[in-house]
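Residue numbers (the UniProt record's numbering), protein chains in the order written: chain C, 1 to 347; chain W, 1 to 347. Note that CB positions come from ideal geometry on N, CA and C, so glycine has one too. Note that the structure is a prediction, hence the values are computed from the model and not measured. Each remark here refers to the structure printed beneath this line.
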DNA sequence: GACGCCACTTGGATCGATCAAGGGGGCGGG
DNA sequence: CCCGCCCCCTTGATCGATCCAAGTGGCGTC
């Protein structure tokens, strides 16, 4: 095929303009162009205008690699995007990532995703760190015994966690989290305000600090209102099936009129049981979930759910990152945000 | 605070080892170390071993910025992470991103997320492209009139689309897509095999090529089996509410025994109507959705749904990107993958 | 008229890798 | 014994921006 040998008239590897190109065209020095980009204040207004115009004409944008090399930054934030577990929690993660991408953009950063395998939980971090591919990390899964936060601290790598270091009193890193207990308290109070007195709790197993935290919100709100909680709590696996079973048992033994659940997944189980028993959610029995997942929104009977302010979390995370990266003194080691309640037909 | 003036014994900005450091320690030249990393074949086995050992001892990893500058690549793939619309389609996107991150990793790439606003749809692309921050893009939302693909083509920027260029016959770019019609055909045949003859279609409005494509799968399978389709099709907005209404109308007017829907969202609407009418999904009326979203999985009655092979899509996308970036001749301009059917209780 | 200051310019070095070309030593052939 | 060759490795230049230090011309001030 002689055709494939054709001269590529417009296939030329068009090299983007460089700083020097702009300088020459604008009749100034490289340094001046650099200043126009990074320290506009140093230029006389008319010069600045001229340089800016040339930049626009040529479509110049500083070469990232060169800048990164010189300034020893990458303007990238690493985020481990763990394999999707097929559950409802993922949707929340998705919302968080979106918010993080936007908050980062405002601060001049981009988000770099990298995979993580459970066998070598810090491998991905290590690579990116040693090759100075990212400036900092955002760590999301701070579950019990997760070695990432500790490892990053030890490496003196800048990072901010979404989630409290529940099990590690030694932790000195910066974190942002949502007050789950307050969210559940909100939900419980909402049900009490609607006249419910027998409100059941379906949560996770005892070894989950997050689950216990959320549970405490229910407990304290019930007691604060002088309501009994005996026989009204259940702790199960976070799957639909378990939620359904727990609801059935509680309905039989303790006749609650409302359920507060540690997750939307469990709430789905409750709805399942109600459906089987021909009980109408919202009218006969109220149900509240946690995470305001898509399921909650599109379910035939909209599920009332605790909604984490993930947009705000992202903003706080980025704010903390900026502080870390500019070596500003750390004001707050941890930020705790209040969730809201998305009220729908199920309550 | 005199304390804050303390010498930072271990707070030193520990500079990672460089190629030169390794070279010196191993008693070879920089180039030899570089070759050990990039062209191991060029070294004598014993030298290679020695250099590798030194690399391991120092924990050396090539500086990304420097390498990027010299090689004029970034090993990054840009992906616009558009603001989350609260719907079921998002979950699929999420699964795709996960798969893409993992497939990219294998090929030595990372995924860079950037936000996109609708007012300036190509702004984000333009910035990254001009600053040579990414090597290529993956474009996901190739909906009608989306200017991105055309713009990128015009800029001669390497990119691969997930989704066919439905409305643009001129399009010359590489794409990967899932055969929605085949998926719906699969679903329809599945229902026919179960003995259904009156199978209704609830799809999107006529101006959606994707919707019309999926609809054609239903149409051809029905006709291939000698079944009538008159009065059994409905085209509505992709929201739960509309799906519910369409189902109600169809049930009243055409007495179908099964529904095939263009999305899980619409299928949710159908389930809603069934629930109101005390009809049991799967037993009384069969329902099939599209996208195998989380909703389909956790819904009390599991929803049968067409599942896109997003893992495979990601692999194909990355394969195509590699080919583009290594300037290999393009074998296939488009790759069409077959979806599968996730069968659950609703059918 | 000397001084100082502003708004640049100038020339160079630097970040850390890769590219392109340049040795040098051992070995076989003449 | 010398030449040429190949294999293995070394040397210097380079990517494009930023950092740094020193210099210049014009203008206002005292």
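Would you grab the beta carbon distance between residue 242/W and residue 269/W for me? Rounded to a whole angstrom, and I think it's under 8 Å. 6 Å
Residue 233/W, enclosing beta strand (DSSP E) - first and last residue: 233-235
Name the DSSP bridge partner or partners of residue 285/C? 281/C
Status (buried if at least 16 other CB within 10 Å, exposed otherwise) for residue 291/W: buried
At least one CB of chain C closer than 8 Å to the CB of residue 284/W: is that the case? no
Closest by C-alpha distance to residue 196/W, when choosing among 204/W, 205/W and 226/W: 226/W
DSSP bridge partner residues for residue 111/C (one or two, in chain order): 77/C and 113/W
Have a look at 37/W, 335/W and 210/W and flag the residue whose alpha-carbon is nearest the alpha-carbon of residue 181/W. 210/W
Counterpart residues of residue 203/C in DSSP-defined beta bridges: 235/C
For residue 275/W, return the contacting residues in chain C, with the cut-off set at a CB-CB distance below 9 Å. 275, 300 and 301
Mind listing which residues of the stretch 255-269 of chain W have their C-beta closer than 7 Å to chain C's C-betas, in chain order? 265 and 268
Output yes if chain W places a C-beta closer than 8 Å to the C-beta of residue 344/C; else output no. no
Nearest-angstrom Cα distance between residue 138/C and residue 293/C? 22 Å
Which residue marks the beginning of the alpha helix (DSSP H) containing residue 271/C, and which one marks its end? 264-276
Residues of the stretch 56-77 of chain C whose Cβ lies closer than 7 Å to any Cβ of chain W, in chain order: 59, 61, 62, 63, 64, 65, 66, 68, 69 and 74
Quick one: which chain W residues come within Cβ less than 8 Å of residue 242/C? Simply none; closest approach about 12 Å.
Buried or exposed: residue 154/W, going by 16 or more other Cβ atoms within 10 Å of its Cβ? exposed
Check for me: the alpha helix (DSSP H) holding residue 50/W runs from which residue to which? 45-58
Could you check if residue 157/C belongs to the surroundings of the ligand ZN, using beta carbon to heavy atom distance under 7 Å? In the structure on display, the ligand ZN does not appear, and there are no ligands present to speak of.
Just confirm the distance between the C-beta atoms of residue 238/W and residue 265/W, as a whole number of angstroms; I'd bet it's less than 8 Å. 6 Å
So what does residue 340/W bridge to, in DSSP terms? 307/W
What are the boundary residues of the alpha helix (DSSP H) that includes residue 185/W? 180-193
If the cut is a Cβ gap below 8 Å, which residues of chain C does residue 105/W touch? 114 and 115
Can you list, in chain order, the residues of its chain whose CB lies under 7 Å from that of residue 52/C, leaving out five sequence neighbours each side? 36
Just by C-beta distance, which residues in the stretch 122-141 of chain C are closer than 7 Å to chain W? 127, 130, 131, 132 and 133
Classify residue 8/W as helix, strand or coil using the three-state DSSP reduction. Note that residue 8/W has pLDDT 35, beneath the 50 cutoff, so the model's placement of it is unreliable and the number below is only indicative. Three-state result, residue 8/W: coil.
Nearest neighbour of residue 170/W, chosen from 186/W, 149/W and 176/W [CA to CA]: 149/W
Of all the residues that make up the stretch 147-181 of chain W, which are near chain C by a beta-carbon distance shorter than 7 Å? none
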